[in-house]
Amino acid sequence: RCFRDEDLRADRQPEFTQVDLEMSFVTKEDVQDVVERLIRHVWKAVKQVDIPVPFTRLSFAEATRRYGSDKPDTRFGLEITQMPDLAADEHTVVEALVIPGGADLFAAKELAPFIDLIGSSQKNTESK
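The sequence shown lines up with residues 775 to 902 when you count with this note's numbering.
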């Protein structure tokens, strides 16, 4: 067990267990493979759950481009979608989270401020 000797943050536990790997002349993929097999073994031994390997891997650039975060929650498929048809010109980037069935989740009065915001933003861009 280890105790974190630094300022606490909301996404960190003060106490944790860590595994140290001693490996020589290995690649990033070698380390990832060992860790994936270890996690798979622990889940199988403790919970009788088979976890498929290899795990999905995203580069920092791909994760931030697709999800806006370097630690994305990929369970819901909420990827950032580029909306070039809404852009005023080729130098403007419009991105959105498209929520499948979202129109049924929100009342029109809840969406109205966002529609107004998009409309006023387009008018401001066009007047420049």
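For glycine and all other residues, C-beta sits at the position ideal for the given N, C-alpha and C.
Predicted, not measured: the structure shown is a model, and the values here were computed from it.
Short of 6 Å in beta carbon distance, which residues of its chain neighbour residue i, apart from the five on each side in sequence? Order them along the chain.
| i | result |
| --- | --- |
| C776 | F790 and Q792 |
| V827 | E810 and R814 |
| M857 | V868 and A870 |
Using three-state DSSP, classify residue i as helix, strand or coil.
| i | result |
| --- | --- |
| L852 | coil |
| E911 | Look at the range of the chain in this structure, 775 to 902, and you will see that residue 911 is not part of it. |
| F888 | helix |
| A835 | helix |
| A881 | coil |
| L782 | coil |
| A819 | helix |
| E810 | helix |
Work out the CA separation of residue j and residue i for me, nearest whole Å.
| i | j | result |
| --- | --- | --- |
| T801 | V808 | 11 Å |
| D794 | Q806 | 13 Å |
| V868 | R840 | 14 Å |
| F880 | V872 | 13 Å |
| P874 | D779 | 43 Å |
Throw me the rounded Cβ distance for the residue i and residue j pair, which I believe falls under 8 Å.
| i | j | result |
| --- | --- | --- |
| T855 | A870 | 6 Å |
| D847 | T838 | Not a contact, Cβ separation roughly 14 Å. |
Leaving out the 5 sequence neighbours to the left and right, which residues in its chain are closer than 8 Å to residue i when beta-carbon positions are compared?
| i | result |
| --- | --- |
| L812 | V793 |
| F834 | D844 |
Given residue i, which residues of its chain have a CB within under 7 Å of its CB, disregarding the five upstream and five downstream residues?
| i | result |
| --- | --- |
| D824 | K818 |
Say yes only if the C-beta of residue i is nearer than 7 Å to one or more non-hydrogen atoms of the ligand SAH, and no if none qualify.
| i | result |
| --- | --- |
| K845 | As for the ligand SAH, it is missing from this structure, which has no ligand bound. |
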